[in-house]
Every structure is written in structure tokens, then in C-alpha cells.
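Its first residue numbered 383, the sequence shown is counted upward by one per residue in this note's numbering. Below is one structure; the comments refer to it alone.
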Amino acid sequence: MKEVIVTAPYQFEVTEKEIPKPEKGEVLVQMKAAGVCGSDFHLFLGENPQAVFPRVPGHENAGIIAEVGEGVTSVKKGDHVVVDLVIACGECKQCRSGRRNICETVKARGAAADGGWREYFTVPEHEVYVLPEDMPFEEAVLIEPFAIGGHCTKRADVTKEDLVLIYGSGTIGAVVLQTCKNIGCKVICADINESSLERAERYGADHIIHSGQEDLIDRISQITKGKGVDVVFDCACYPGSLTYLMKQGILTNGGRIVPLGFCTEQEQITQAMINGRELEIIGTRMSTGQFEPTITKLTNHEYQLEGMVSHYIPFTEIDKVFDNMKNPPSDMKKMVILW
Ligand SMILES: [Zn+2]
Ligand SMILES: [Zn+2]
């Protein structure tokens with residue numbers, strides 16, 4: 383079998399190796415499709431503080447069970463599955479309270495552990511989720527990003543009474559938008575990219591703000607009659623974006639803000655900015671308990687998948703994926719690798 387290894391920033395190799403044997407409680411997954419995520423870019427470009435080289439990228443993985451190890455009962459050979467990106471101990475306090483995503487020893491596939499950009503790999507049976515046979519693999523790779531949407535909106539306790547601002551309309555912004563519309567709330571989307579804003583409108587955004595040309599705070603004030611929004615999701619996540627979004631005029635008193643990125647630069651947030659209006663800054667990481675409900679929502683066609691992926695690339699042409707990471711084409715939204 384072939385596997386792709388990022389050996390250092392901007393360096394990758396395709397190597398040959400033996401197909402692994404599933405051990406007790408494990409299954410062998412034959413890859414069919416993998417989504418390429420922002421964090422795969424960060425890994426390859428050397429911007430992921432959690433990544434260790436050499437590393438097989440990829441955490442949005444869908445495939446077929448090719449073989450099962452001893453004692454496996456929950457899945458069988460031939461099942462179509464998606465693979466959880468979270469590797470957790472199952473025993474610590476966080477795991478026992480259902481928060482595997484922040485397990486004391488948590489590892490993410492494709493970052494702190496090897497991911498799915500290879501023909502086969504083994505995983506514990508409880509880290510795969512069975513798909514309906516008729517769900518195309520190129521759609522199934524979107525389950526993981528939509529699970530992120532399910533998780534971060536749950537963390538922020540978004541209800542249909544809320545008015546939400548989504549800052550950044552890339553893949554995660556589009557996912558959070560669709561999740562919020564699924565919950566039934568009103569959403570404002572802001573971005574500097576025209577085509578991302580057009581897509582946000584198609585996905586049901588109630589208002590769009592071209593934040594490169596319009597003043598965000600003025601527009602929010604106009605739309606909310608000076609009251610501000612209840613929840614902000616920062617899906618743009620550049621250094622300083624969190625501080626900017628906490629400025630007076632964006633969030634209402636008691637509002638919640640959820641950063642979705644991993645910027646390591648210092649922000650300029652003061653105690654007064656938080657406590658003057660009792661704002662909440664809510665952390666979110668990956669997802670937990672969201673794969674199964676997300677599979678159900680995709681099966682019921684509750685999300686619009688058209689326009690989420692712009693580039694499908696065969697695994698045999700993996701160099702194109704890395705070329706596109708180095709020099710992203712202007713029309714690129716998301717890449718998916720197909721086997
Ligand atoms: Zn991802
Ligand atoms: Zn744990």
C-alpha cells in the first residue's frame with residue numbers, strides 16, 4: 383500500500399509499506415475519500431503547534447471496513463464508515479463525562495497521530511461510525527466538519543432565539559452557518575471574499591457584510607438597531623480577531639463569543655472588556671458525540687452540500703493537493719482526495 387508522509391514543513395513523500403493487520407478490537411479501514419482541511423494546510427506549512435514530523439495528514443476520513451480484528455462486534459467487513467479524529471483514553475475525568483475531545487491524553491488523527499492519507503490503516507472499532515450504504519464517500523467526508531458545527535453551537539448553547547454573527551465564511555464558517563440555520567436562528571455572515579458571501583446567502587444567511595468594504599460595527603449596529611448580536615463565532619481567526627470582535631457594538635450585553643482557531647499570538651483583551659458586560663468566551667475543540675447525529679442530518683438531507691467542495695483530486699495525484707496548498711487557486715473552497 384501507499385501512504386503520504388509530511389516529513390518537514392513543505393516536504394512530503396509517498397512511500398510503500400505492508401498493509402497493517404487489525405489487532406484485537408481493531409478494524410482495517412480501506413480509504414475511499416478524505417477531506418483536506420485548514421489544519422492539513424497548517425501541518426504542511428509548518429504552522430501547527432501540535433504537529434510532529436514525520437506525519438501522515440488527514441482527519442476527515444471515509445472508507446470501507448476491509449478486515450476486522452478479534453473480538454470486534456459493532457462493525458463488520460464491508461461496512462462503510464467515517465473515522466473519528468479524536469483518539470482518547472476513555473477513562474479520565476473528561477472522557478467519563480463525555481468530553482473525549484479534551485481527554486487528558488487526547489490526540490487528533492492527522493496532527494498528533496497519523497491520519498488517513500494512505501490506502502489502509504487500523505483503528506479501534508469504537509472510533510468508526512457506520513454510514514448508510516448509499517451515502518457517497520465524497521459527501522461522507524463532510525461529516526467531520528459538520529460535527530464541528532454541531533459541537534461549537536452546542537458549546538455556545540445556540541437557540542433559535544439567538545442572533546448570530548459568523549465572522550469568516552470559509553468551510554467552517556459555512557458549516558456553522560448551516561448548523562445555526564438548522565437550529566432556526568437568524569445569522570449574519572461577514573467575510574472579505576465575494577464568492578464566499580454569495581455562497582453564505584445561498585446557504586441561508588439573513589444578512590451578509592462585506593467586511594473588506596463595509597464597517598462591521600456600523601453594519602451590526604444598523605441590523606440590530608444598536609443592540610448587538612447574541613453570539614459571535616470567529617471563523618476567521620487571525621491574530622487580533624478575538625480582541626476586535628469583543629469591541630463595543632458587536633456583542634450584546636451577556637453575549638457569547640467562540641473562537642474556532644489556534645492563533646498563538648497575544649490578544650489585547652482586558653478584564654473590563656469581559657466583565658463590563660459579562661461576556662462569555664467559550665472554548666471549543668474538534669467535537670464529541672456529534673458524528674452519529676451528523677450522519678443522521680446528512681442522511682435526511684438537512685444540509686446543503688453543493689458548493690462545499692470545489693476540487694476532487696485522485697490519491698494518485700497527491701502532489702496537486704500540496705501544490706494547491708502552497709498556491710491556493712482563487713476559486714478553491716475545499717479539496718477532497720478520492721481513492
Ligand atoms: Zn477538519
Ligand atoms: Zn481520557
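For each residue, glycine too, the CB sits at the ideal point set by N, CA and C. Keep in mind that this is a model prediction, so the values were computed, not measured.
For this session: Using a threshold of 8 Å, state whether the C-beta atoms of VAL396 and LYS414 are closer than that.
Result: Position 14 of the sequence shown, counted from the start, is the residue given in the question as residue 396. Position 32 of the sequence shown, counted from the start, is the residue given in the question as residue 414. Not a contact, by the Cβ cut-off of 8 Å.
For this session: Compare the Cα-Cα distances from SER578 to each of GLU647, SER692, ASN483 and report the closest residue.
Result: The residue given as residue 578 occupies position 196 in the sequence shown. Closest by alpha carbon: SER692.
Exercise. Going along the chain, which residues of its own chain have a beta-carbon closer than 6 Å to the beta-carbon of LYS715, five neighbours each way excluded?
Worked result: For the purposes of this step, residue 715 is taken as residue 333 along the sequence shown, with counting starting at 1. SER692, listed in sequence order.
For this session: Look at the Cβ atom of ALA493, then the Cβ atom of ASN443, and state whether they are nearer than 8 Å.
Result: Residue 493 sits at position 111 when you count from the first residue of the sequence shown. Residue 443 sits at position 61 when you count from the first residue of the sequence shown. No.
Exercise. What's the gap between the Cα of PRO476 and the Cα of GLU596?
Worked result: Counting from one through the sequence shown, the residue named residue 476 turns up at place 94. Counting from one through the sequence shown, the residue named residue 596 turns up at place 214. According to the sequence shown, residue 476 is Gln rather than Pro. When rounded, the separation of the alpha-carbon atoms in GLN476 and GLU596 is 43 Å.
For this session: Determine the closest residue to GLU660 out of GLY622, GLN686, ILE639, LEU545, with distance taken between C-alpha atoms.
Result: Here residue 660 is taken as the residue at index 278 of the sequence shown, counted from 1. It is ILE639 whose Cα lies nearest to the Cα of GLU660.
Problem set entry | Nearest to VAL438 (by Cα), restricted to the options PRO514, MET717, VAL388, SER623 | Taking the first residue of the sequence shown as 1, we reach residue 438 at position 56. For VAL438, the closest alpha carbon among the candidates PRO514, MET717, VAL388, SER623 is that of VAL388.
For this session: Work out the CA separation of THR670 and GLU486 for me, nearest whole Å.
Result: Counting from 1 along the sequence shown, the entry for residue 486 is found at position 104. Counting from 1 along the sequence shown, the entry for residue 670 is found at position 288. Distance between the alpha carbons of GLU486 and THR670: 14 Å.
Exercise. For ligand 1, any of its heavy atoms closer than 7 Å to the Cβ of HIS441?
Worked result: Walking along the sequence shown from the start, residue 441 turns up at place 59. In this structure, HIS441 has its CB closer than 7 Å to one or more heavy atoms of ligand 1.
For this session: Return the chain-ordered list of same chain residues with a C-beta closer than 8 Å to the C-beta of ALA495, the five sequence neighbours on each side being excluded.
Result: In the sequence shown, residue 495 corresponds to position 113, counting from 1. Non-local C-beta neighbours of ALA495 in its own chain, meaning closer than 8 Å and more than five positions away in sequence, comprise ILE469, LYS489, ordered along the chain.
Exercise. Are ILE590 and CYS562 touching if we call contact CB-CB under 8 Å?
Worked result: As a position in the sequence shown, residue 590 is number 208, starting the count at 1. As a position in the sequence shown, residue 562 is number 180, starting the count at 1. Contact check for ILE590 against CYS562 fails: the beta carbons are separated by 8 Å or more.
For this session: Mind the definition here: the region 611–629 touches the region 501–520 only if three or more C-beta pairs lie below 8 Å; say whether that holds.
Result: The region 611–629 is not in contact with the region 501–520.
Problem set entry | Residues that DSSP places opposite LYS489 in a beta bridge | Stepping through the sequence shown from its first residue, residue 489 is reached at position 107. Answer is ILE469.
Problem set entry | Rounded distance between the beta-carbons of PRO527 and GLY610, thought under 8 Å | Position 228 of the sequence shown, counted from the first residue, corresponds to residue 610. Position 145 of the sequence shown, counted from the first residue, corresponds to residue 527. Contact doesn't hold; Cβ gap of about 28 Å is too wide.
Exercise. Skipping 5 residues on each side, what residues in its chain have a beta carbon closer than 7 Å to that of ASP713?
Worked result: For the purposes of this step, residue 713 is taken as residue 331 along the sequence shown, with counting starting at 1. For ASP713, the CB contacts under 7 Å within the same chain, skipping 5 residues up- and downstream, are SER692 in chain order.
Exercise. Fully enclosed by the region 484–558, which alpha helix (DSSP H) runs are 4 residues long or longer?
Worked result: Within the region 484–558, the runs of alpha helix (DSSP H) at least 4 residues long that lie entirely inside it are, in chain order, 519–522, 525–537.
Exercise. So what's TYR626 in DSSP terms, helix, strand or just coil?
Worked result: To locate residue 626, count along the sequence shown from 1; it is residue 244. Looking at TYR626 - three-state DSSP - the assignment turns out to be helix.
Problem set entry | Distance between CYS534 and ARG584 (C-alpha atoms, nearest Å) | Working through the sequence shown from its first residue, we reach residue 584 at position 202. Working through the sequence shown from its first residue, we reach residue 534 at position 152. ARG584 and CYS534 have their C-alpha atoms some 22 Å from each other.
For this session: Please write down, chain order preserved, every residue whose beta carbon lies under 5 Å from a heavy atom of ligand 2.
Result: Ordered along the chain, the selected set is ALA470, CYS471, CYS474, CYS477, CYS485.
For this session: Please say whether THR666 and LEU642 have beta carbons closer to each other than 8 Å?
Result: Translated into positions along the sequence shown, residue 642 becomes position 260. Translated into positions along the sequence shown, residue 666 becomes position 284. Between LEU642 and THR666, the C-beta gap is smaller than 8 Å, which places the two residues in contact.
For this session: Give the straight-line distance between the Cα atoms of ASP573 and ASN635, rounded to the nearest whole angstrom.
Result: Position 191 of the sequence shown, counted from the start, is the residue given in the question as residue 573. Position 253 of the sequence shown, counted from the start, is the residue given in the question as residue 635. Their Cα atoms are separated by approximately 24 Å.
Exercise. Hey, is CYS534 close to ligand 1, as in C-beta under 7 Å from one of its heavy atoms?
Worked result: What you label residue 534 is simply residue 152 of the sequence shown in a count that begins at 1. Distances from the CB of CYS534 to the heavy atoms of ligand 1 are all 7 Å or more.
Problem set entry | Cβ-Cβ distance between ILE548 and VAL558 below 8 Å | Counting from 1 along the sequence shown, the entry for residue 548 is found at position 166. Counting from 1 along the sequence shown, the entry for residue 558 is found at position 176. Yes, the Cβ-Cβ distance between ILE548 and VAL558 is below 8 Å.
Exercise. Near LEU425, what residues of its chain come up, given a Cβ to Cβ distance below 8 Å and the 5 sequence neighbours on each side ignored?
Worked result: Taking the first residue of the sequence shown as 1, we reach residue 425 at position 43. The residues are VAL388, ALA433, ARG437, PRO439, GLY492, ALA493.
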